[in-house]
Structures are given as structure tokens and as C-alpha cells.
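Using my numbering, you'd call the opening residue of the sequence shown number 127 and step up by one each time. Structure first, commentary second.
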Amino acid sequence: MDPDDQLFGRLPRGTPISQLVHHPEYNSTLILRSETVSESTPGDASFPSFEFVLPLDGLRAVRNVHRRLLPRRPGRDKGLEQHCTLYAFDNDQREEGIEGVPCALVLSPIVKPGEELPYYHPTVSHLAFRFVPNSSQSPSEHPHDASSESMTPPPEPPISPEATLRIDVLPLPGTPRDPNSRLYRTCLALLETLHRYGWGALTSYKKRVRHDVLVPRETYQDAYLALRTRHAHLVGEWREATDPLKHVFEDIGIATFLMLLWKGTFQDHSSSPSGAKPASPPPPPPDAVAPWRSWPRPPGGFVDLGCGNGLLTHILTSESYTGVGVDLRARTSWEHYPPSTRAQLRVRALDPTAYLRRSSDSDLDPSDRNNAEETRRLLPEGAFLIGNHADELTPWLPVLATLSGASGYASIPCCAWTFDVRFSRGASANRFAPEVDEREVDEECAHPDAVVLPPGEQDRAMDFVEKLNLGGDGSTSSSYSAYRVWLARLSVWLGWAVECEILRIPSTRNWALIGRRRIRREDRDESVYRARALAIIEGVVQRGTFKTRKPEGKAGDH
Numbered sequence: 127m128d129p130d131d132q133l134f135g136r137l138p139r140g141t142p143i144s145q146l147v148h149h150p151e152y153n154s155t156l157i158l159r160s161e162t163v164s165e166s167t168p169g170d171a172s173f174p175s176f177e178f179v180l181p182l183d184g185l186r187a188v189r190n191v192h193r194r195l196l197p198r199r200p201g202r203d204k205g206l207e208q209h210c211t212l213y214a215f216d217n218d219q220r221e222e223g224i225e226g227v228p229c230a231l232v233l234s235p236i237v238k239p240g241e242e243l244p245y246y247h248p249t250v251s252h253l254a255f256r257f258v259p260n261s262s263q264s265p266s267e268h269p270h271d272a273s274s275e276s277m278t279p280p281p282e283p284p285i286s287p288e289a290t291l292r293i294d295v296l297p298l299p300g301t302p303r304d305p306n307s308r309l310y311r312t313c314l315a316l317l318e319t320l321h322r323y324g325w326g327a328l329t330s331y332k333k334r335v336r337h338d339v340l341v342p343r344e345t346y347q348d349a350y351l352a353l354r355t356r357h358a359h360l361v362g363e364w365r366e367a368t369d370p371l372k373h374v375f376e377d378i379g380i381a382t383f384l385m386l387l388w389k390g391t392f393q394d395h396s397s398s399p400s401g402a403k404p405a406s407p408p409p410p411p412p413d414a415v416a417p418w419r420s421w422p423r424p425p426g427g428f429v430d431l432g433c434g435n436g437l438l439t440h441i442l443t444s445e446s447y448t449g450v451g452v453d454l455r456a457r458t459s460w461e462h463y464p465p466s467t468r469a470q471l472r473v474r475a476l477d478p479t480a481y482l483r484r485s486s487d488s489d490l491d492p493s494d495r496n497n498a499e500e501t502r503r504l505l506p507e508g509a510f511l512i513g514n515h516a517d518e519l520t521p522w523l524p525v526l527a528t529l530s531g532a533s534g535y536a537s538i539p540c541c542a543w544t545f546d547v548r549f550s551r552g553a554s555a556n557r558f559a560p561e562v563d564e565r566e567v568d569e570e571c572a573h574p575d576a577v578v579l580p581p582g583e584q585d586r587a588m589d590f591v592e593k594l595n596l597g598g599d600g601s602t603s604s605s606y607s608a609y610r611v612w613l614a615r616l617s618v619w620l621g622w623a624v625e626c627e628i629l630r631i632p633s634t635r636n637w638a639l640i641g642r643r644r645i646r647r648e649d650r651d652e653s654v655y656r657a658r659a660l661a662i663i664e665g666v667v668q669r670g671t672f673k674t675r676k677p678e679g680k681a682g683d684h
């Protein structure tokens, strides 16, 4: 990289110094993120004073970033502002080819007299990261006149012929500095982090997955913290035998994502992808405490298929979203929710074959006729379908969304099922993997972030996987990753412009496949995709292995 391109003002995100400045949350789980307050260079009126910009021998300050650290738990930890000052070699000490290149970063907390630093910040007034080229400085040199205040002893002769990475601190009075102290351990961890960043940059490290593709991270985090505060009490009210911390915060995260996804999708409340009219009135006026109450939402409400404990349905209903949760049996939690939530929980069996039948068919027995009618009623036109670890229902989501005229769907797969048997790599994938028309290429998507499956050559298929963020490196070596690819191919075949997001939830099964826009083609109307969905159901019926499960308990009570 050209040295001039490494100046801090043009530093690409992802480089070591940029990671330290812009992503402090990577170094502490107690930090949510940082926000830049201002940036300045020497000579600017806003450039910090000597108190924060230390004079370092042989170095000159070239840029300052004033940032704000936001805590992950605002009720427990306070925020903190900090100066991040970047230094380069001065004219007398610069090495050939590296003049102006950042070589040191000093972090200085901004604390008023008498205030204490938050727990997540080391008890220091300054913390310096240094890149020391071996040819320019002997190991005995120190970065500041007050080196006696530094925790670190003079470094040993470096074993690398290139440079030394070094951390120096100015501890606050009374701070323990022995090798067992928290400050010492923190500095070692930071040094390891800096080395990892640098090694990753040298070896062109590529992240396996991309987060925050559909919903910006900052937007999600702010909404999640607000919803977490509103619904954290559910942990203490948990009625199931499962871990409340995992399930409550996982469903708060999913609800947050869906609400923000809908906000960005249904801007005008006018129609679904298939032209459905709104089934409910527009949302109420803005609410300062809960602004999402006025956000756009699916025109036909939501349907949470396989809703289980009903928590996701409860959170969405509590926040003024219209919809229902459906499952084969009621859970213990259901009867403890408020009446407004209980009224939206249904014990029902979904019967996809309902779309092949008519209620007037003479060969239908009463139970099959009821199931068929119930399925159609549960999936109104314009509804947004949700499959949160819905297992057997997972592959049916794009099928039902196509046949019911849904406004979209979100599927978070867990256990891998095809339409009537367990999914397995090879047999299952080859048996049901849809053949895709070679003209269905990504430029025909209805949305720039969505991808339509390219032709079947291996290299282009892997490109499809990578673009969709289905497995990071395009690997389908695991059954779960192969299943995600199969689901994405199925969705495309049924006319959905597929998108993928890795959710910020406490679960290893956190991939979400999203269909919210239909693929538009002049030579193919909606009837083609509907015919494909019906053909899938006909094939399932002909194989004879699929059977609609019966609801458990007193279905009429819910």
C-alpha cells in the first residue's frame, strides 16, 4: 500500500488502526460501539490541548478523533468520551519511505475532576499503541519523558527483523501494576488484539460472514436496547423449562430485526408484492417512547408459524403489530400472557395441500376440509410469514408465501427438513434442488442487495453462495450450510428475490433468509411461480409420505 494512502484521514475501515478507533467493542463486551464526535488536525481550532496530546520524542501529532464510547448496558455503565490521537515520525526522525505514515495511536479518556472511569476502561490517563521499526529506534528508547510512569519495562530485543508492536500506559495513582493486575492483563490482551489486526491486514484476511446487510448496526443496537429495557422483565416471569436468558433476549433481537426490516420495506402501506391491499388501518401517530408504533408494517399483518412459546408473537403484539402465532399445541407460557396476546395465539395444523383442494370437494373428510379452510384463513393475502426455528415448516415458507400472496417472509432455519423427510446432503439436495432458468441472473432482481441464482456451473453457483452471504467463504461442507443454500435456491425458483442476514442473537442458528420482493420478468408472470409451488405440493402428495399433523389439546380454546 502506498504510504500516502495510509494517512489516518483516508485509512480504510478494517485496517489495524481503524479497528482500534472505530470498533472498541471488539476489545470489550461491555462496550456497544463508538460514535465519532469530531475529527481535527493540528492547526484546527478544535484540536485538543497539551493535556490530551502528549509530546512524544521523534513523533508529531497528525490527526485527532474525538469519539464517544457507548456502553452495552447504559443502566449499569456510563458512557465515556475519548481523544484518539495519531502520530507519525517527524521530519528529523522519519525513515525513508514511511514519512507521514501513522506509527502511534494514543487514547486519552476525557474525565472531569473527581469523576471515575467506567469499569470497561483501564485506570490510565493515556494508553499508547506503537509500531516501532527496528531500524529507526533502539529497544531502550521510551515514547515519553514520564517513562517511569509506564507499566511496561524496556522491551527485549525484537525477534522480528521488521518491527516491534508495543503498548505503553500512564496509570492513574494507586493503580496496581504487577503482572497479575487487571491493567497488566488488559494490556496483554490489547497487544494480542493489535497483533491479530496487523496479521490479518498482512495476510489479506477476509471475514467469513457479513453482518448488518439489511439493517444498519447502529439502528439495530439502539432499537434493541430500547426493546430490551421494555421486555427484560420477561426473564423473571419465564414459565418454560428452557433457559430464559437465551430465549427472551433472542426473541427481542428477532423482533427488533423484523420491525426495522418492515420499516424499510413497507414504506407506503399500499400493497404487498402481489398487490394485496392493507388488511388493517395505518399505524397511530409517532410515539416518543416507542417510535416503532408509527413505523410501516406488513399490510396483512404477520403470521408466526410454529410460534412455540409464543414469545415473539407476544413482543410484536405488545408493540402494536397486528398478527397471530400458530402452533400444534399450546405451551405453558401462553396462559400467562395478557389477554391481548392470548387472543392472537392459535392451536392449528397447517395443511399446505389445502391449495390443491376446494372445500366443496366431495372426497374430503370433515377434518381435512376444516384444515384446508383454516390454512387459507390463517394466511391472508399481504401477510408477512415468520418461521423462527420452525423445523418441518421451514421449507414450506416460500411455498406458502407464494400461494397465499404474502407480502414476504423471514425464515430462520434450525433443524433441516425438506417437504416430507429430513434434509441430507446429496440425496435430499439433489432430489429437491430446483432447476433454474439460465436467464434468471442477478441483474433481474427487484432489489440491488438480492441475488437470483446464476446458471448451474460450479463456479457461478459458488458465486451465488458468496453474494448471498450464505456461508461466507462459499463453503457447503456442513449440512446446515448446504441446507441454507438449498432453501435459497428453492426461494428463487418460486420467484422471491432472496436476501440473507446473520442476526445478532444468542444462537448458533442465526442465519435469516428473507423474501420481501418478487422477481419481475417480462416473459414470466406470477402464474408461473404459483404453478411451480403447486407442483411441489403435488409431488409431495404423490410420494405419500407427507401427512398433516393433528393439533394437540383443545384447539378451540386458543
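Quick reminder that beta carbons are idealized off the backbone N, C-alpha and C, glycines included.
| task | Would you please state the rounded distance, in angstroms, between the beta carbons of L613 and N514? I believe it to be under 8 angstroms. | result | Actually they are not in contact, since the Cβ atoms of L613 and N514 sit about 14 angstroms apart, beyond 8 angstroms.
| query | Buried or exposed: where does A623 fall if 16 or more other Cβ atoms within 10 Å of its Cβ makes it buried? | reply | buried
| query | Around the Cβ of V450, are there at least 16 other Cβ atoms within 10 angstroms (buried) or fewer (exposed)? | reply | buried
| task | Under 8 angstroms by Cβ, that's how I've got G423 and W388 pegged, so tell me the actual separation to the nearest angstrom. | result | In the sequence under discussion, the amino acid at residue 423 is Arg, which differs from the Gly named in the question. Rounded, the Cβ-Cβ distance is 5 angstroms, consistent with contact.
| query | Taking the C-alpha atoms as reference points, what is the distance between I380 and T634? | reply | 14 angstroms
| query | Which residue or residues does DSSP assign as beta-bridge partners of C626? | reply | L639
| task | Just the C-alpha distance for R468 and S444, rounded to the nearest angstrom, thanks. | result | 11 angstroms
| message | On the CB-based measure, 16 or more other CB atoms within 10 Å of its CB, does A171 come out buried or exposed? | response | exposed
| request: Rank P302, R199 and S144 by C-alpha distance to the C-alpha of F255 and give the top, closest one. | output: S144
| query | What is the residue span of the beta strand (DSSP E) that Q208 lies within? | reply | L206 to F215
| task | Ignore the nearest five residues each way along the sequence and tell me which others in V179's own chain have a CB closer than 6 angstroms to its CB. | result | A187 and T211
| With respect to the beta strand (DSSP E) encompassing T162, which residues constitute its N-terminal and C-terminal limits? | I157 to S166
| Could you check where the alpha helix (DSSP H) with H321 kicks off and where it finishes? | R308 to L328
| Stretch-stretch touch, CB-based, cutoff 8 angstroms, three pairs: the region 315 to 322 with the region 340 to 347 | no
| query | For W522, which residues from the same chain have a beta carbon less than 6 angstroms from its beta carbon, with the 5 sequence-adjacent residues on both sides left out? | reply | P478
| task | List the residues that DSSP assigns as beta-bridge partners of Q510. | result | The sequence shown places Phe at residue 510, rather than the Gln named in the question. BP columns for F510 point to F428 and G534.
| request: Could you check which residue in H252, A542, V547 and T671 has the C-alpha nearest to that of S604? | output: A542
| said: With a threshold of 8 angstroms between beta-carbons, can W543 be considered close to chain D, or not? | reply: Of the protein chains in the structure, only one exists, and it is not chain D.
| Beta-carbon gap between P524 and L616 smaller than 8 angstroms | yes
| request: Please state whether DSSP places N260 in a helix, a strand or coil. | output: coil
| Sub-8 angstroms separation of E165 and R189 beta-carbons | yes
| message | At 4 residues or longer, what runs of the alpha helix (DSSP H) sit wholly inside the region 446 to 470? | response | 465 to 468
| said: Rounded to the nearest angstrom, what separates R198 and Y350 at their Cα positions? | reply: 11 angstroms
| request: Measure the C-alpha to C-alpha separation of D216 and F257 and round it to an integer number of angstroms. | output: 14 angstroms
| request: Following the continuous beta strand (DSSP E) through P228, name the residue where it begins and the one where it ends. | output: P228 to I236
| said: Comparing C-alpha positions only, which one of L309, A527 and A416 sits nearest to R642? | reply: A527
| field | Start and end residues, beta strand (DSSP E) containing H192 | value | L185 to P197
| query | Exposed or buried, G682, counting other C-beta atoms within 10 Å across all chains shown (16 or more means buried)? | reply | Residue confidence is low: G682 scores 39 on pLDDT, short of 50, so the model does not pin down where it sits. Its coordinate-derived value is still stated next. So G682 counts as exposed.
| said: Going by DSSP, what residue range makes up the alpha helix (DSSP H) through V295? | reply: Not the alpha helix (DSSP H): V295 falls in the beta strand (DSSP E), residues A289 to P297.
| message | Can you tell me where the alpha helix (DSSP H) holding E344 begins and where it ends? | response | R343 to H357
| Residue nearest to N636 in terms of C-alpha spacing, selected from V227, G169, P244 and R336 | R336
| query | Do you know whose CA, among S537, W325, G326 and L454, lies nearest P428's CA? | reply | In the sequence under discussion, the amino acid at residue 428 is Phe, which differs from the Pro named in the question. Here the closest residue by C-alpha is S537.
| Among A608, K372 and M385, which one has its Cα closest to the Cα of Q347? | M385
| When we look at the beta-carbon of H373 and count the other beta-carbons within 10 Å, is it buried (16 or more) or exposed? | buried
| message | Which residue marks the beginning of the alpha helix (DSSP H) containing Q145, and which one marks its end? | response | P142 to H148
| message | So if DSSP puts W543 in a beta bridge, which residue, or which two residues, is it bridged to? | response | R548
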